[in-house]
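Input: a single structure, listed below in structure tokens.
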Amino acid sequence: MEKKNKAQSRRKFIRNGARLSLLLSLGAVSAAALRKVTTDGYVWQIDPFKCTQCGRCATECVMTPSAVKCIHAFDLCGYCDLCGGYLKPDANARSTAAENQLCPTAAIERKFIEEPYFEYHINEDLCIGCAKCVKGCTSFGNGSLHLQIMHHLCVNCNECSIARVCPSDAISRVQASEAYKVKGSWTNPT
Amino acid sequence: MTKKTLNIIPIVVSTIALVSIFWWLSADPTKDMTVNLEGADNRGAGVAAQDVTIGELFEEYSSDYQPMNETWPNFRGADHDNISKSPVKLIDKFGAEGPKIVWSLDLGEGHSGAAIYKGLAYILDYNEEERADKLRCFSLVDGKEQWSRGYDVAVKRNHGMSRTIPAVTEDYILTIGPKCHVMCLDRENGNFRWGLDIVKEYGNEIPFWYTGQCPLIDNGVAILGVGGSKMMVAVDCESGEKLWETPNPNGWQMSHSSVMPYTFGGRKMYVYSAIGGIVGVAADGPDAGSVLWSTNAWNHSVVAPSPLCMPDGKIFLTAGYGAGSMMLKLSENNGQFSVEAIDEYSPKDGLACEQQTPLYWNGRLFGILPKDGGALRNQLVCVDPSDTKKMVWSSGKDMRFGLGPYFIADNKMFILNDDATLTIARPGTKEFILLDQVKVFEDAHDAWAPFALADGYLIMRDSKKMVCIDLNI
Chain S
-1 MEKKNKAQSR
9 RKFIRNGARL
19 SLLLSLGAVS
29 AAALRKVTTD
39 GYVWQIDPFK
49 CTQCGRCATE
59 CVMTPSAVKC
69 IHAFDLCGYC
79 DLCGGYLKPD
89 ANARSTAAEN
99 QLCPTAAIER
109 KFIEEPYFEY
119 HINEDLCIGC
129 AKCVKGCTSF
139 GNGSLHLQIM
149 HHLCVNCNEC
159 SIARVCPSDA
169 ISRVQASEAY
179 KVKGSWTNPT
Chain F
136 MTKKTLNIIP
146 IVVSTIALVS
156 IFWWLSADPT
166 KDMTVNLEGA
176 DNRGAGVAAQ
186 DVTIGELFEE
196 YSSDYQPMNE
206 TWPNFRGADH
216 DNISKSPVKL
226 IDKFGAEGPK
236 IVWSLDLGEG
246 HSGAAIYKGL
256 AYILDYNEEE
266 RADKLRCFSL
276 VDGKEQWSRG
286 YDVAVKRNHG
296 MSRTIPAVTE
306 DYILTIGPKC
316 HVMCLDRENG
326 NFRWGLDIVK
336 EYGNEIPFWY
346 TGQCPLIDNG
356 VAILGVGGSK
366 MMVAVDCESG
376 EKLWETPNPN
386 GWQMSHSSVM
396 PYTFGGRKMY
406 VYSAIGGIVG
416 VAADGPDAGS
426 VLWSTNAWNH
436 SVVAPSPLCM
446 PDGKIFLTAG
456 YGAGSMMLKL
466 SENNGQFSVE
476 AIDEYSPKDG
486 LACEQQTPLY
496 WNGRLFGILP
506 KDGGALRNQL
516 VCVDPSDTKK
526 MVWSSGKDMR
536 FGLGPYFIAD
546 NKMFILNDDA
556 TLTIARPGTK
566 EFILLDQVKV
576 FEDAHDAWAP
586 FALADGYLIM
596 RDSKKMVCID
606 LNI
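Protein chains in written order, with the working numbering: chain S, -1 to 188; chain F, 136 to 608.
Structure below.
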């Protein structure tokens, strides 16, 4: 009788040991998966406060057009009629005519809201990240237009070709959980 | 290959070539492009001018104030040079206790500065709750409000609302409101004398972000650069009667620049940098009000700094939004004036200012470069008028400023940063010498209004708050 109990106890020990091993394995796999979801490595990011709008984001990115796009912090915008990011300096008129627009691809849409306010939206499909509008807005306005690397477009090169040439060291690797550094409380309206 | 086949080949090739050429000529590679034309923003037709009863509102609060001796009667002071000639000695360091703020005041959002006259400070404020322009009179020493005179007018926020400084003489106060309403009052008691709605009278365009021109009183006459149907007008402060109107055949518009009195070649004139060009108007004599000279060589969509007129006939012009600067040379020959541009450059190539008018002191020019001023952006720089592209000195990359005011008093230069950081420097023609720097108050934004100083009391403001600092030693 005592011998039988010993055998049962050994089987129970082996069974419990196997269950515990399985549980630990599952826990480890889950933790690893969770860690991957929460950190997911690193991505490239532009610091808009360091950016000097040199224009190289448009020309140096391996993507064509560049994965760098202009975004708009609406809460910082002055909604001006005379917008330094939309109009060429000393433009003939404050209108949407091509000759007055600063953007080479007409990626900024201008809408009249009410006197004297106008709203400006970026058409991401047209934007090439040249930063001309950002330079105009930063120099003459509130700096609400600024550049960001868009991660649904960026291929996350091991060595970002823009970061290599950025004269102001505005591009750096950051954790994917904090992929964007935006001014104001910008949210992508699209 | 038969002879018939050989004959067919060139015919086929020619046909294919013709078809290809026709296809190539008829194909439109731009057919998928969108043409950008004006009007896509659905711009409105504009708002009709409001009927305004200038001077209708008056409130009296106190008549108790301490009379003082000195004045800062208008934009850039009595001599229009932004240099105080007062003998009052001022501090050059703030000490551990910081600036001695004797009073502070919440204002409507804007950039209007103060004028000071013998113990009273005058500020054209926009009251956002009452939706009214108010000329407010305060005791300089303790900030106690004496009275206010104004009128109802609807003004929406657009980078601030108020942005002009009254002109004050012994007898009169003259103001221009955000929407070009001119109001003339008796200085002693704020009694209304006359008003002028420039938009209704002359059909001008209200400048972007509202009027920035500070009015001028010269020998009891109000001088206003109006744009629209006339270029400049002179109005008798006593009666409100128009004394002369300068024609404006080219339809130049009002800028943020102010009219500057200038004497050159034996003539006194008023120099005004409008949107469209710059003009010199005879200030006296039988031809008062007539154009002595003008040029459209200086033509930019936004001009805030005023012309800086130097004794030798040079006139330094500068503006923001990429305009840069221009040096004009005025010449006189037998009573005839001519003007030529002797230099012009972009803001990264020399002295340029976006908002404030540079200083001319001891034969040198001083100004703060704009954000598009290249490597020296936002630095205070000193240049010689003979070559404004060559920097004599700059304040250094660790000493950058914004769009705020700067002036000279008691042989010290006072510079205000956007965040109300006040810097005291030793003005020099050889180098920048920092004396002290202090944050006057926290959470300040857009501290752009020009300074006013009298009897050692300095009035400055940010977009919503005005303070008076006792700088007396």
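Each residue gets a CB set at the ideal place from its N, CA and C atoms; glycine is no exception. Remember, it's a predicted structure, so these values are computed and weren't measured experimentally.
Straight-line Cα distance separating residue j from residue i
{"i": "glycine 355 of chain F", "j": "phenylalanine 567 of chain F", "result": "40 Å"}
{"i": "arginine 13 of chain S", "j": "glycine 25 of chain S", "result": "18 Å"}
{"i": "isoleucine 258 of chain F", "j": "alanine 250 of chain F", "result": "7 Å"}
{"i": "leucine 351 of chain F", "j": "isoleucine 311 of chain F", "result": "10 Å"}
{"i": "aspartate 519 of chain F", "j": "proline 562 of chain F", "result": "14 Å"}
{"i": "isoleucine 308 of chain F", "j": "glutamate 205 of chain F", "result": "16 Å"}
{"i": "proline 440 of chain F", "j": "leucine 486 of chain F", "result": "13 Å"}
{"i": "arginine 178 of chain F", "j": "tyrosine 345 of chain F", "result": "19 Å"}
{"i": "aspartate 605 of chain F", "j": "tyrosine 337 of chain F", "result": "43 Å"}
{"i": "methionine 601 of chain F", "j": "isoleucine 477 of chain F", "result": "41 Å"}
{"i": "tyrosine 40 of chain S", "j": "alanine 174 of chain S", "result": "5 Å"}
{"i": "isoleucine 550 of chain F", "j": "threonine 558 of chain F", "result": "5 Å"}
{"i": "glutamine 93 of chain S", "j": "proline 540 of chain F", "result": "Per the sequence shown, the amino acid found at residue 93 of chain S is serine instead of glutamine. For serine 93 of chain S and proline 540 of chain F, the distance between alpha carbons rounds to 33 Å."}
{"i": "glycine 295 of chain F", "j": "glycine 181 of chain F", "result": "20 Å"}
{"i": "histidine 149 of chain S", "j": "valine 66 of chain S", "result": "9 Å"}
{"i": "alanine 231 of chain F", "j": "valine 575 of chain F", "result": "13 Å"}
{"i": "valine 609 of chain F", "j": "isoleucine 543 of chain F", "result": "This structure does not reach residue 609 of chain F, given that chain F is present from 136 up to 608, and the question cannot be answered."}
Residues that DSSP places opposite residue i in a beta bridge
{"i": "leucine 225 of chain F", "result": "F:Asn607"}
{"i": "tryptophan 262 of chain F", "result": "Residue identity check: residue 262 of chain F is asparagine in the sequence provided, not tryptophan. Beta-bridge pairing links asparagine 262 of chain F to F:Ala267."}
{"i": "phenylalanine 399 of chain F", "result": "F:Arg402"}
{"i": "glutamine 99 of chain S", "result": "S:Leu85"}
{"i": "phenylalanine 542 of chain F", "result": "F:Phe549"}
{"i": "phenylalanine 116 of chain S", "result": "S:Phe110"}
{"i": "asparagine 468 of chain F", "result": "F:Gln471"}
{"i": "tryptophan 496 of chain F", "result": "F:Arg499"}
{"i": "leucine 192 of chain F", "result": "F:Gly285"}
{"i": "glutamate 479 of chain F", "result": "F:Met461"}
Residues of its chain near residue i, where Cβ-Cβ distance is below 7 Å and the 5 sequence neighbours each way are ignored
{"i": "leucine 143 of chain S", "result": "Cys68, His70, Gly83, Cys131, Val132, Cys135"}
{"i": "tryptophan 207 of chain F", "result": "Ala250, Ile251, Ala587, Leu588, Ala589"}
{"i": "glycine 508 of chain F", "result": "Pro482, Lys483, Ala487"}
{"i": "glutamate 176 of chain S", "result": "none"}
{"i": "tyrosine 196 of chain F", "result": "Glu280, Gln281, Trp282"}
{"i": "cysteine 155 of chain S", "result": "Val60"}
Limits of the alpha helix (DSSP H) - the one that residue i falls within
{"i": "threonine 165 of chain F", "result": "Premise fails: threonine 165 of chain F is in no alpha helix (DSSP H) and is neither H nor E."}
{"i": "phenylalanine 138 of chain S", "result": "130 to 138"}
{"i": "alanine 454 of chain F", "result": "No alpha helix (DSSP H) contains alanine 454 of chain F, which is instead part of the beta strand (DSSP E) from 449 to 454."}
{"i": "serine 198 of chain F", "result": "Premise fails: serine 198 of chain F is in no alpha helix (DSSP H) and is neither H nor E."}
{"i": "tyrosine 337 of chain F", "result": "333 to 337"}
{"i": "arginine 162 of chain S", "result": "159 to 163"}
Residues near residue i by beta carbon distance below 6 Å, same chain, minus five either side
{"i": "asparagine 383 of chain F", "result": "Lys365, Met366"}
{"i": "histidine 391 of chain F", "result": "Pro342, Gly347, Ala439"}
{"i": "valine 276 of chain F", "result": "Gln201"}
{"i": "serine 529 of chain F", "result": "Leu511, Gln514, Val516"}
{"i": "valine 474 of chain F", "result": "Trp428, Thr430, Leu463, Leu465"}
8 Å CB neighbourhood of residue i in its chain, flanking five on each side removed
{"i": "threonine 398 of chain F", "result": "Met404"}
{"i": "isoleucine 111 of chain S", "result": "Tyr77, Glu117"}
{"i": "lysine 269 of chain F", "result": "Leu192, Leu259, Asp260, Tyr261, Asn262, Ser283, Arg284, Gly285"}
{"i": "arginine 499 of chain F", "result": "Cys517, Val518, Asp519, Pro520, Val527, Thr564"}
{"i": "alanine 91 of chain S", "result": "Asn98"}
{"i": "aspartate 287 of chain F", "result": "Val187, Thr188, Glu191, Leu192, Glu265, Arg266, Ala267"}
{"i": "cysteine 52 of chain S", "result": "Ala129, Cys164, Pro165, Ser166"}
Range covered by the beta strand (DSSP E) that runs through residue i
{"i": "leucine 74 of chain S", "result": "No beta strand (DSSP E) holds leucine 74 of chain S; DSSP gives it neither H nor E."}
{"i": "proline 382 of chain F", "result": "377 to 382"}
{"i": "arginine 512 of chain F", "result": "No beta strand (DSSP E) contains arginine 512 of chain F, which DSSP labels as neither H nor E."}
{"i": "phenylalanine 157 of chain F", "result": "Element bounds for phenylalanine 157 of chain F: not the beta strand (DSSP E) but the alpha helix (DSSP H), 138 to 161."}
{"i": "cysteine 55 of chain S", "result": "It is not in any beta strand (DSSP E) - cysteine 55 of chain S instead sits in the alpha helix (DSSP H) that spans 54 to 58."}
{"i": "glycine 485 of chain F", "result": "Glycine 485 of chain F -> no beta strand (DSSP E), and no H or E assigned at all."}
{"i": "arginine 596 of chain F", "result": "592 to 596"}
{"i": "glutamine 173 of chain S", "result": "169 to 173"}
8 Å contact criterion, which residue i and residue j should meet: CB distance rounded
{"i": "lysine 224 of chain F", "j": "isoleucine 594 of chain F", "result": "Actually they are not in contact, since the Cβ atoms of lysine 224 of chain F and isoleucine 594 of chain F sit about 19 Å apart, beyond 8 Å."}
{"i": "asparagine 339 of chain F", "j": "valine 361 of chain F", "result": "6 Å"}
{"i": "cysteine 49 of chain S", "j": "isoleucine 160 of chain S", "result": "Between isoleucine 160 of chain S and cysteine 49 of chain S the Cβ distance is about 11 Å, and since that is not below 8 Å, they are no contact."}
{"i": "histidine 246 of chain F", "j": "tryptophan 583 of chain F", "result": "5 Å"}
{"i": "glycine 424 of chain F", "j": "tryptophan 379 of chain F", "result": "3 Å"}
{"i": "glycine 139 of chain S", "j": "cysteine 55 of chain S", "result": "With a Cβ gap of about 20 Å, glycine 139 of chain S and cysteine 55 of chain S do not count as contacting."}
{"i": "proline 46 of chain S", "j": "lysine 179 of chain S", "result": "6 Å"}
{"i": "leucine 569 of chain F", "j": "alanine 579 of chain F", "result": "Incorrect: roughly 20 Å between the Cβ atoms, too far for contact."}
Any non-hydrogen atom of the ligand FMN within 7 Å of residue i CB
{"i": "serine 64 of chain S", "result": "The ligand FMN is not part of the structure shown, which contains no ligands of any sort."}
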